[in-house]
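Engineer: Residue numbers (our numbering): 798 to 1145.
Using N, Cα and C, we set each Cβ at its ideal position, and we do this for glycine too.
Computed from a predicted model, the values in this text were never measured in an experiment.
1. Short of 8 angstroms in beta carbon distance, which residues of its chain neighbour residue 1078, apart from the five on each side in sequence? Order them along the chain.
2. Hey, which unbroken runs of the beta strand (DSSP E) at 3 residues or more fall wholly within the region 987–1065?
3. Please determine if the region 935–948 and the region 968–976 are in contact, where contact requires at least 3 C-beta pairs separated by less than 8 angstroms.
4. So does the region 932–945 actually touch the region 1038–1051, counting three or more Cβ pairs closer than 8 angstroms?
5. Since residue 920 and residue 865 should fall inside the 8 angstroms C-beta cutoff, what is the C-beta to C-beta distance between them, to a whole number of angstroms?
6. Please go through the same chain and pick out, in chain order, the residues whose beta-carbon is closer than 6 angstroms to the beta-carbon of residue 983, but skip the five residues on each side of it.
7. Would the beta-carbon of residue 1035 fall within 8 angstroms of that of residue 1024?
8. Could you have a look at residue 920 and say whether DSSP puts it in helix, strand or coil?
9. Using alpha carbons as the reference points, say which of 1032, 1009, 879, 1038 lies closest to residue 958.
10. Whole angstroms is fine: what's the gap from residue 889's alpha carbon to residue 960's?
11. Return the CA-CA distance between residue 877 and residue 1019, expressed in angstroms with no decimal places.
12. So, is residue 858 buried or exposed, given that buried needs 16 or more other C-beta atoms within 10 angstroms?
13. Would you mind stating whether residue 907 and residue 934 have Cβ atoms separated by less than 8 angstroms?
14. Using 8 angstroms as the threshold, is the C-beta distance between residue 1087 and residue 1069 below it?
15. Checking 8 angstroms against the spacing of the C-beta atoms, do residue 1031 and residue 980 come in under that value?
16. By the three-class DSSP mapping on this structure, what secondary structure does residue 964 have?
17. Please go through the same chain and pick out, in chain order, the residues whose beta-carbon is closer than 7 angstroms to the beta-carbon of residue 1042, but skip the five residues on each side of it.
18. Which parts of the region 1062–1093 are runs of the beta strand (DSSP E), unbroken and 3 residues or longer, counting only runs that do not cross its ends?
19. Using a Cβ-Cβ cut-off of 7 angstroms (strictly less than) and excluding sequence neighbours within five positions of residue 1150, which residues of its own chain qualify?
20. Can you name, in chain order, every residue of its own chain whose Cβ lies under 8 angstroms from the Cβ of residue 902, other than the five neighbours on each side?
21. Determine the direct distance from the alpha carbon of residue 1096 to that of residue 1144, and round the result to whole angstroms.
22. Cα-Cα, which of 1022, 851, 1082, 855 is closest to residue 869?
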């Protein structure tokens, strides 16, 4: 019932943007569960879909570590925003929107109940850490960056030829990948940049195609060939096959806290083309395990695609070894676990 109610908010109140929005206003029984466990520390992660209400967080008596996975904790109801309201504290109502300012109302509830309540904030990228430091809600909180991790006993590359044979993909073509749960229409994921690049590339060569993982088909006729994988259930074996079969992952998000797609791709030896000034910059090292184009610069994005293709032609193993090395060095379970252990020790 709670989920049905909160999903009506975009019908009842016009939102300013097309990004996800959560309220967290309904109480749950999670406080009772926490008290029955009697832990020394609470580590919150992604708590939306009404898992716990904003006011209930104040009722937690143990030290709280909060791992931010997007911008929601520092915003109103938005999970991402391209405005500066999270810096200014939503103290001024949004002049661009008529009627009740839902985001300001949610932010004020956070301000009321969370004041000095959070002991430690963990951000999963430098980009997200910078946002948290700038935010009115957390500017006086201890903030640290710890990246997300992968279990490298599971996330391993599969021979590209074998992966393509299993997926019934052409062996000789260059194959690109774009992954978005909500498909190419999710404006935050930036598929328009991919589309423009591939249209230009198709004027030069035809020996490529792109795999689209997620909901929905592409609108309009395309110059290039694409395949839609819309029935992927997210298990690692299936995803490893897809990543391993591809030569390049496109991840041109305009707002991105981390970029798990880039990390999973790298674990399979596949480079990523993305933008600077996003969380993906924690994973992709420019011209080492991928290419970071200037932020929202279509020309540099096109340049990056051509650079990667040229590099693949001249040294097919360059990206593979660099990707695998980066993941082992920076994102393995053991590397990230040590950093969390140090945080927990400091609070007990």
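Structural biologist: On the basis of the supplied data:
1. Within the chain shown, numbered from 1, the residue matching residue 1078 stands at position 281. 922, 923, 924, 1071, 1089, listed in sequence order.
2. Runs found: 1005–1010, 1022–1026, 1045–1048.
3. No, the region 935–948 does not touch the region 968–976.
4. When C-beta atoms of the region 932–945 are compared with those of the region 1038–1051, fewer than three pairs fall below 8 angstroms, so the two segments do not count as touching.
5. Translated into the one-based positions of the chain shown, residue 920 becomes position 123. Translated into the one-based positions of the chain shown, residue 865 becomes position 68. Yes, they are in contact, since the Cβ atoms of residue 920 and residue 865 sit about 5 angstroms apart, within 8 angstroms.
6. What you label residue 983 is simply residue 186 of the chain shown in a count that begins at 1. Around residue 983: 977.
7. The residue given as residue 1035 occupies position 238 in the chain shown. The residue given as residue 1024 occupies position 227 in the chain shown. No, they are not a contact pair.
8. Taking the chain shown and counting its residues from 1, one reaches residue 920 at position 123. Here residue 920 sits in strand by DSSP.
9. Within the chain shown, numbered from 1, the residue matching residue 958 stands at position 161. Looking at the Cα atoms, 1038 is the closest of the given residues.
10. Taking the first residue of the chain shown as position 1, residue 889 is located at position 92. Taking the first residue of the chain shown as position 1, residue 960 is located at position 163. Approximately 54 angstroms between the Cα atoms of the pair.
11. The count along the chain shown starts at 1 and reaches residue 877 at position 80. The count along the chain shown starts at 1 and reaches residue 1019 at position 222. Those two C-alpha atoms are separated by around 30 angstroms.
12. As a first step, residue 858 is located in the chain shown; it is residue number 61 there, counting from the start. Residue 858 sits exposed, since fewer than 16 C-beta atoms from the chains shown fall within 10 Å of its C-beta.
13. The count along the chain shown starts at 1 and reaches residue 907 at position 110. The count along the chain shown starts at 1 and reaches residue 934 at position 137. Less than 8 angstroms separates the beta-carbon of residue 907 from that of residue 934.
14. The residue given as residue 1087 occupies position 290 in the chain shown. The residue given as residue 1069 occupies position 272 in the chain shown. Yes.
15. Taking the first residue of the chain shown as position 1, residue 1031 is located at position 234. Taking the first residue of the chain shown as position 1, residue 980 is located at position 183. No; because the gap between Cβ atoms is not below 8 angstroms, this pair is not in contact.
16. The count along the chain shown starts at 1 and reaches residue 964 at position 167. DSSP places residue 964 within a helical segment (H, G or I) once states are collapsed to three.
17. Translated into positions along the chain shown, residue 1042 becomes position 245. So the qualifying residues of the chain are 957, 960, 961, 964, 966, 972.
18. Listed in chain order, they are 1069–1072, 1087–1090.
19. Outside the shown range of the chain (798 to 1145) lies residue 1150, about which nothing can therefore be said.
20. As a working note, residue 902 is residue 105 in the chain shown. Setting aside the 5 residues that flank it on each side, residue 902 is surrounded in the same chain by 873, each with a C-beta closer than 8 angstroms to its C-beta; the list follows chain order.
21. In the chain shown, counting from the first residue as 1, residue 1144 sits at position 347. In the chain shown, counting from the first residue as 1, residue 1096 sits at position 299. Going by the C-alpha atoms only, they are around 48 angstroms apart.
22. As a working mapping, residue 869 is identified with position 72 in the chain shown. Among 1022, 851, 1082, 855, the Cα nearest to that of residue 869 is on 851.
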